[in-house]
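Student: For the sequence shown, UniProt numbering begins at 1 and goes up steadily by one.
Structure below; questions to follow.
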Amino acid sequence: MQNKKKSRIRKTNYPNGPSKNVAVDRQEMNSREKKIDSSLFRYINEQLYTMNGAEAMELFRKDSKAFKLYHKGYQMQAKKWPCNPLHIIIQWIRSLKRDGLVIADLGCGNATIAETLSHTATVHSFDLVAVNDRVTACDMSMVPLHNESVDIVVFCLSLMGTNLNEYLSEANRILKKGGFLKIAEVASRFINIKQFVHAVTKMGFVLSEKMMKDGDYFVILEFTKAGKVVQKQPIGLKLKPCLYKKR
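What follows is the structure, given as structure tokens:
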């Protein structure tokens with residue numbers, strides 16, 4: 001009879017003890033996951049600047065996880081900003097000291113304006129995907145609101161895509177005459193800020209204030225609605241993509 005070899009259980013040697021090595025392995029896994037998420041966020045972000053609103057909605061309709069990942073990446077980036085322009089806009093709305101305002105927050109994310117001001121104002125929050133029950137999913141070029149029904153329209157870091165003119169035309173449609181249009185963007189996105197402002201005036205608005213914040217990192221523009229859209233595709237209504245560096 002042949003001698004059967006006994007199977008041996010191979011032991012893993014942990015130079016620092018098993019608990020410490022497991023902790024290191026978990027840290028490495030978390031680090032890899034963060035790098036993958038960061039890469040996917042940058043990819044989705046770049047895609048959103050090269051498509052229109054309808055195409056962006058279709059992208060997230062097909063892959064609901066993509067928006068959650070993008071939203072998570074956006075929030076992580078926001079933590080690195082010197083300030084959040086949305087907080088400045090909220091402070092400005094409060095400074096008006098007017099109850100009963102109707103606000104349209106286009107590209108609202110978590111709907112922070114609604115969460116903060118809903119006790120004194122009616123806030124309609126729109127984005128490509130509804131991340132909570134305060135948000136209505138829609139294409140910002142087709143907002144489900146009546147003509148001239150809004151006092152303030154806000155675009156806070158949300159003018160993305162290839163059809164900015166359609167977004168601003170829709171803002172004009174829903175705004176009451178004399179209503180406010182607030183645009184906050186990263187300063188580096190403006191190719192020529194004077195040309196951009198001039199183009200917005202062709203969409204039926206008048207510039208009432210320009211604000212640079214935190215070392216010119218952000219630009220906050222305030223317009224009032226003067227009348228109907230004069231030119232549907234004005235020259236200069238362009239913004240550069242906001243691309244995030246690989247870490």
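The beta carbon of each residue, even a glycine, is placed where N, CA and C say it ideally should be.
Just curious, the beta strand (DSSP E) that L221 is in, first and last residue?
Tutor: Annotation: the continuous beta strand (DSSP E) that includes L221 extends over F218 to K225.
Student: Give the DSSP-derived three-state secondary structure of G107 in the structure shown.
Tutor: In the structure shown, G107 falls within a coil segment according to DSSP collapsed to helix, strand and coil.
Student: Starting from T116, follow the alpha helix (DSSP H) in both directions and report where the run begins and ends.
Tutor: T112 to L117
Student: Express the C-alpha separation of L207 and T224 in angstroms, rounding to a whole number.
Tutor: 7 Å
Student: Go through its chain and collect everything with a Cβ distance to E46's Cβ below 7 Å, but skip five positions before and after it.
Tutor: Contacts found: P241 and L243.
Student: When the Cα atoms are used, what is the spatial distance from L106 to S149?
Tutor: 15 Å
Student: My assumption, with CB atoms under 8 Å, is that L86 sits in contact with F41. Please give the rounded CB distance.
Tutor: L86 to F41, Cβ: 19 Å. No contact.
Student: Take K176 and list the residues in its own chain whose beta-carbon comes closer than 8 Å to its own, dropping the five residues that flank it on each side.
Tutor: E148, S149, V150, D151 and K225
Student: Between G100, I193 and A114, which lies nearest to D127 when the distance is taken from Cα to Cα?
Tutor: A114
Student: CA-CA distance, E55 and M140?
Tutor: Within the model, the alpha-carbon separation for E55 versus M140 is close to 12 Å.
Student: State the beta-bridge partners of F41 as determined by DSSP.
Tutor: Paired residues: none, contrary to the question.
Student: Using the three-state DSSP reduction, which class does T162 fall into: helix, strand or coil?
Tutor: coil
Student: Three or more beta-carbon pairs under 8 Å between the region 196-205 and the region 91-107, yes or no?
Tutor: no
Student: Quick check on S64: buried or exposed, where buried means 16 or more other Cβ atoms within 10 Å of its Cβ?
Tutor: exposed
Student: Around the Cβ of Y167, are there at least 16 other Cβ atoms within 10 angstroms (buried) or fewer (exposed)?
Tutor: buried
Student: How should N132 be labelled, buried or exposed, when 16 other C-beta atoms within 10 angstroms of its C-beta is the threshold for buried?
Tutor: exposed
Student: Apart from the five residues on each side of it in sequence, which residues of its chain come closer than 6 Å, Cβ to Cβ, to F67?
Tutor: These residues qualify, in order along the chain: F60 and V129.
Student: Since I believe G161 is in contact with Q195 (beta carbons under 8 Å), could you give me their beta-carbon distance rounded to a whole number of angstroms?
Tutor: That belief does not hold up - the Cβ atoms of Q195 and G161 are roughly 19 Å apart, past 8 Å.
Student: Is the beta carbon of G204 closer than 8 Å to that of N165?
Tutor: no
Student: Since I believe I174 is in contact with V143 (beta carbons under 8 Å), could you give me their beta-carbon distance rounded to a whole number of angstroms?
Tutor: 6 Å
Student: Could you tell me whether the Cβ atoms of V219 and F190 are closer together than 8 Å?
Tutor: Their beta carbons are under 8 Å apart, which means V219 touches F190 by this criterion.
Student: Checking the sheet assignment: what are the DSSP bridge partners for C83?
Tutor: In DSSP, C83 forms no bridge with anything.
Student: With distances taken Cα to Cα, identify the nearest neighbour of H146 among T120, I89, Q233 and V102.
Tutor: V102
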